[in-house]
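Notes to accompany the following structure.
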Amino acid sequence: MNMRSPEGQATRPAPSTGLVITVLALCGTLVSLQQTLVLPLLPDFPEILGTTSDNASWMVTAALLTGAVGTPIVSRLADMFGKRLMLVICMVAVIAGSVLAAVSSELSLVIAGRGLMGFGACLIPVGISIMRDHLPAERVGSGVALMSATLGIGGAVGIPAAGLIYEAWGWHMLFVISGVFAAVMLAAVLVVVPESTVRTRGRFDVVGAALLSVALTCFLLAVSKAGTWGWGSPVTLALLSTAALVLAAWIPWELRAGSPLVDIRTSMRRTVLLTNAASVLVGFAMFSNFLTSVQQVQMPEETGYGFGLSVVATGLWMLPSGIAMVLMSPVSASLIRRLGARWVLIAGALVISVGFILRALFHGSVAAVMATSGLASLGTALAFAAMPTLIMRAVPITETASANGLNTLLRALGTSSASAVVAAVFAAYAVPVGDPADGVFAPSLTAYQLIFWSGAAAAMGGALIAAFIRRPVRLSAGMEPAGAQVLAPAGEREQVKPEGELPEVLVRGRVVSAEGRPLRQAVATVLHTDGRHVDWGRTDNDGRYTLALPEPGRYLLVVSAEGWAPQSGLVDLEAGEAKEITMTRRLLLTGHVTDDGAPLGGVMVSLIKHSGEYAGRAVADDLGMFELGLPPAGRYVLTVVDHATGRTRSRALTVHATSATLDVDIVTGVPRPVERVEVVDL
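Residue numbering for the sequence shown follows my numbering, beginning at 18 and increasing consecutively.
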């Protein structure tokens, strides 16, 4: 392994832990407030703005779209150019949107303002990543749990606050207060939160961002408006079809990109994939609980299950559950440390499910409704605290923002789906209230029961998926680096990133071939000398990688690239432009071509995939020896062509991640095949 010594060392001032947690948690509260502030007033906005209910609903849809589209883009930019910088930009967008909505009475301008405010949703994944970069180990878990719990307190406060503000000062004041809160938080971020030195290099994936934006916009528009347009309407079906087609083009693009917007390979790692899948279901259950709780207690008493509460009274009843979610954050962090994030996610999902089951059985009083929905909220606090922890332990430190952004996006898709399902079920099971001649309709109790059981099933599904997340391998003291646990394949064991190690040093370098050609999608992994995992990174199109270390020192560096023998070494790593790694041992597919046992030279050897795609070609030397660079693992067909006699011979083979030998005799009709495949010990 050829390496160049680094120069220089990065330094940064130590942040104030308590203030950083407080400021970032309040940013999470801002996100939740701006998302829920207009919900109680949606029935009044058509009259206020002189429009239809469908048009007024765009105030929610616009924020949903910009938040969903912006989250993966902003998160990736945060990893590349600075997390605090992107936090500031999102705050400015929220302030600008609040000002625009506050000074406007035109529907289009208010919708535009709400669209800008939707970028506030990006604050959550970026803020969690900042915590991972700056907080001491013992505070990371509690900080992440608190920021996740602020989604509950923001929603609980936002609903009654919106009613009080609207009755006292009018609807414009909602946006004034939102803008003032965002301005205060912007100042706090600039003063308290330090900029992260953990960044990744590469070019921003413009094409990938555009494709994902189109796919998300089409999908979310179809889901959020299907209740109005109809699920079978041409517009809804066209949007869903477009989303599927664009997504089908986006995935292979991301796999080919050197610096992808979303690293699909990382996202397909077992822990990340299963956590994200569970996030969709838990997000569905969480928002189903929130929507049905608010609406059930506000339904007229004539429905037989409603209690006719006002918006303010509803918010006051929900406030205890929001406060309980915040108080639950240190408990969640403690449980994650003791039991592991996997078990906490499972437990949280099961608690949500129990809460829904109790809601279906006990709904005779406001207290019963709020107690059972509050139990589901506590489960949500547990689950939401565990998800970022699982994600951050399974991805490179330099990609925590983009990985958390994808997780937040998938949670948002779950909540959007919940909103659409609730609306569809309520519309399908609407019954007249009071005198049928009055034309007043409300969902029946059966509609609520269907949502309750659907939420319970979704939460149970999330727990089941989380149960298949592999438990991390924790290395005992004194274990040698060559132990079986350290060298286990990545697909079989998940390594733990010790939370006690802060990324104080960034190491950058390149991986190149023996000819000096950069190797893309190579993987560089750094371990402590006792085998404990530190970080890993994937190279971009220029062969560049970035690793984050707790401190300068001696480490075990392992590099692997498709088609090359892995290389490793004990090296001294420091900050700066680090180690250029030259891969020297190419994995090969070799063999001999014979004619009835005698060497046959000068013949062509062609290799194609089993599905027909071209993989490589070579010409055998005078001794019949041929040599091909080892293709990616899979099934292939090797064909020998003797142009002098017109004879051909084909053989199927399976390529693994090691060099192989395949001998072919071109004579047909031999009693037994002579080709063999064997692993060559390098």
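For glycine and all other residues, C-beta sits at the position ideal for the given N, C-alpha and C.
Return the bridge partner residues of residue i from the DSSP annotation.
i: Phe192; result: Its beta-bridge partners do not exist; DSSP assigns none.
i: Trp553; result: Thr542
i: Glu644; result: Thr607
i: Val528; result: Ile598
i: Val672; result: Gly651
i: Ser667; result: Thr656
i: Asp589; result: Arg571
i: Pro535; result: Val529
i: Phe458; result: Pro449
Grouping DSSP H, G and I as helix and E and B as strand, with all else coil, what is residue i?
i: Val576; result: strand
i: His627; result: coil
i: Leu272; result: helix
i: Asp150; result: helix
i: Pro569; result: coil
i: Phe198; result: helix
i: Thr563; result: strand
i: Glu597; result: strand
i: Val654; result: strand
i: Trp248; result: coil
i: Phe62; result: helix
i: Asp680; result: coil
i: Met342; result: helix
i: Met164; result: helix
i: Gly479; result: helix
i: Pro277; result: coil
i: Ala447; result: strand
i: Asp612; result: strand
i: Leu36; result: helix
i: Leu228; result: helix
i: Gly633; result: strand
To the nearest angstrom, how far is it from the Cα of residue i to the Cα of residue j?
i: Tyr562; j: Ser585; result: 15 Å
i: Arg359; j: Val297; result: 16 Å
i: Val120; j: Ala178; result: 20 Å
i: Ser419; j: Ile147; result: 12 Å
i: Glu532; j: Ser394; result: 58 Å
i: Thr46; j: Asp589; result: 43 Å
i: Phe62; j: Pro460; result: 22 Å
i: Leu264; j: Ala227; result: 11 Å
i: Leu492; j: Gly478; result: Note that Leu492 scores a pLDDT of 36, beneath 50, so its modelled location is shaky and nothing firm can be said.
i: Pro277; j: Leu587; result: 30 Å
i: Ile683; j: Asp639; result: 15 Å
i: Gly580; j: Leu655; result: 18 Å
i: Val40; j: Val206; result: 7 Å
i: Leu36; j: Met190; result: 29 Å
i: Met642; j: Val610; result: 7 Å
i: Asp680; j: Arg666; result: 11 Å
i: Leu82; j: Val91; result: 14 Å
i: Ser33; j: Ala204; result: 16 Å
i: Ala501; j: Leu536; result: Bear in mind that the predicted position of Ala501 carries a pLDDT of just 30, short of 50, making it unreliable; the figure below should be weighed with that in mind. Each residue's Cα considered, the two are about 28 Å apart.
i: Val314; j: Thr331; result: 7 Å
i: Ala539; j: Ser390; result: 48 Å
i: Ser12; j: Ser327; result: Residue 12 falls outside the range modelled here, since the chain spans only 18 to 699, and no answer is possible.
Identify which residue in the options has its Cα closest to the Cα of residue i.
i: Val622; options: Gly614, Leu606, Ala615, Val289; result: Leu606
i: Glu597; options: Gly84, Val529, Gly323, Ala480; result: Val529
i: Gly608; options: Val636, His627, Gly629, Arg602; result: Val636
i: Met108; options: Ala266, Phe136, Gly629, Ser92; result: Phe136
i: Gly67; options: Glu123, Val209, Val231, Trp267; result: Glu123
i: Trp270; options: Gln312, Ser241, Pro405, Gly225; result: Gly225
i: Gly651; options: Ala669, Ala204, Ala294; result: Ala669
i: Lys626; options: Met342, Leu647, His380; result: Leu647
i: Ala400; options: Ala384, Ile369, Ala243, Val386; result: Ile369
i: Ala266; options: Arg410, Ser230, Ala166; result: Ser230
i: Glu184; options: Pro57, Pro449, Ala388, Arg602; result: Pro57
i: Ser241; options: Ser434, Leu566, Ala541; result: Ser434
i: Ala578; options: Val348, Gly332, Thr542, Val343; result: Thr542
i: Leu140; options: Asn421, Met409, Ala377, Val289; result: Asn421
i: Val348; options: Asn293, Ala110, Ala162; result: Ala162
Exercise. Is the segment 430–440 touching the segment 318–325 in the sense that three or more CB pairs, one from each, lie closer than 8 Å?
Worked result: In short, these stretches do not touch, since the Cβ pair count stays below three.
Problem set entry | Inter-stretch contact (C-beta, 8 Å, three-pair minimum) for the segment 296–310 and the segment 362–375 | With the cut-off at 8 Å, the segment 296–310 and the segment 362–375 touch.
Exercise. Contact between the segment 69–89 and the segment 124–135: three or more CB pairs below 8 Å?
Worked result: Flag = yes, the segment 69–89 and the segment 124–135 touch.
Exercise. Taking one C-beta from the segment 521–528 and one from the segment 237–253 each time, how about it: are there three or more such pairs within less than 8 Å?
Worked result: The segment 521–528 vs the segment 237–253: no contact.
Exercise. Do the segment 278–288 and the segment 258–266 make contact, defined as three or more Cβ pairs closer than 8 Å?
Worked result: At 8 Å Cβ cutoff, the stretches do not touch.
Problem set entry | Cβ pair count under 8 Å reaching 3, the segment 382–396 against the segment 435–450 | With the cut-off at 8 Å, the segment 382–396 and the segment 435–450 do not touch.
Problem set entry | Segment contact, 8 Å Cβ cut-off, at least three pairs: the segment 35–55 with the segment 192–206 | Because the criterion of three Cβ pairs below 8 Å is met, the segment 35–55 and the segment 192–206 touch.
For this session: Kindly confirm or deny that the segment 549–559 and the segment 614–632 touch, where touching means at least three C-beta pairs closer than 8 Å.
Result: Flag = no, the segment 549–559 and the segment 614–632 do not touch.
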